[in-house]
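Please read the structure below before turning to the comments.
Numbering (the working numbering), first residue to last: 1 to 314.
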């Protein structure tokens, strides 16, 4: 369960968003972040994702509702340590102006009764207030630096752990995906082949009586088109030839001898064309999918988002 300071931080984000009449769906459409992650941030459920993603999503969230991303992240860091801006302000409030007494002696003989009479002159509050303001500003400027210095080892350790989690995630779900996919039955393989290979009765008759011709070098062709910015990984005969985020409205063409392996982070935004014929059932919007294409079969693997259950196969 999140601490009280983290809950207060999340509540401030929600109140700011509602005050500006911006919905979660509008933020999701602009940032391409899943609405459930945005709701998790507002509910102070920061353990749903690795720290690296949480910080990135908070920056996007803040920028969309017209907040300063850098200041918002600083508030988040303070909230994680159980501190707030009020803790700094309380230190500054202890600095208050004290009255200054100046004793002036008069030597006028005609007024002996006023001789050596002290006159109290109070200092100017404006100057003391300016000094307090400067002190407060200095404390606020030094707070992030002092925090980073005192927590440098913790931050470095968290960064290394986050990178290790990300590498493990991709290694588990992307590199090892061929071991997870079980061979489909011959009936399903025939159905998948029929999706992109239409043959006339004459062609089927010829192929049934003649042996299959050997596969020509680089005879398999794949065209990938994406309508949105999406993460795509392409393997040609087991070798990675494309990996990373691809900008929207991009078309990429690849060749292989035996098979293609495709991994996409948002299957609904991608179209695949194998040997100039469109591949059906690539996936729905938001789905993470692994697809293996050979001259005979197409195999699908859906990776659930943030769920500890076995991947589903289509």
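Where a beta carbon is used, it is the ideal one built from N, C-alpha and C, also for glycine.
Spatial distance of residue i from residue j (CA atoms)
i, j, result
"residue 178", "residue 73", "Low local confidence applies: a pLDDT of 40 at residue 178 is under 50, so the model's placement there is unreliable, and no value is given."
"residue 155", "residue 271", "41 Å"
"residue 67", "residue 31", "15 Å"
"residue 2", "residue 33", "22 Å"
"residue 38", "residue 295", "42 Å"
"residue 70", "residue 165", "25 Å"
"residue 159", "residue 152", "11 Å"
"residue 176", "residue 21", "In this predicted model, residue 176 has a pLDDT of only 43, less than 50, meaning its place in the structure is not dependable; the value taken from the coordinates is given anyway. Whole-angstrom Cα-Cα distance: 45 Å."
"residue 392", "residue 228", "Examination of residue 392 is not possible in this model, given that the chain is present from 1 through 314 alone."
"residue 256", "residue 277", "16 Å"
"residue 181", "residue 163", "With a pLDDT of only 40 at residue 181, under the threshold of 50, the placement of this residue in the model should not be trusted; the figure read from the coordinates follows. Going by the C-alpha atoms only, they are around 27 Å apart."
"residue 17", "residue 261", "42 Å"
"residue 35", "residue 245", "20 Å"
"residue 221", "residue 80", "51 Å"
"residue 236", "residue 285", "25 Å"
"residue 258", "residue 297", "11 Å"
Reference residue i; option with closest CA among the options
i, options, result
"residue 28", "248, 19 and 57", "57"
"residue 251", "225, 243, 257 and 259", "225"
"residue 242", "249, 231 and 248", "231"
"residue 168", "153, 50, 260 and 157", "50"
"residue 40", "13, 159 and 21", "13"
"residue 54", "10, 16 and 82", "10"
"residue 223", "44, 15, 275 and 257", "275"
"residue 289", "273, 36 and 300", "300"
"residue 75", "19, 8 and 15", "8"
Residue i: first and last residue of the uninterrupted alpha helix (DSSP H) it sits in
i, result
"residue 5", "4 to 19"
"residue 63", "51 to 64"
"residue 27", "24 to 31"
"residue 77", "69 to 80"
"residue 39", "35 to 42"
"residue 165", "152 to 170"
Residue i, enclosing beta strand (DSSP E) - first and last residue
i, result
"residue 271", "270 to 274"
"residue 290", "288 to 293"
"residue 302", "298 to 303"
Bridge-paired residues (DSSP) for residue i
i, result
"residue 256", "220"
"residue 244", "232"
"residue 317", "Coverage of the chain is limited to positions 1 through 314, which leaves residue 317 absent and any answer about it impossible."
"residue 251", "225"
"residue 48", "In the DSSP output, where bridge partners are listed per residue, residue 48 has none listed."
Handout entry: Segment contact, 8 Å Cβ cut-off, at least three pairs: the stretch 60 to 67 with the stretch 24 to 41
Key = yes
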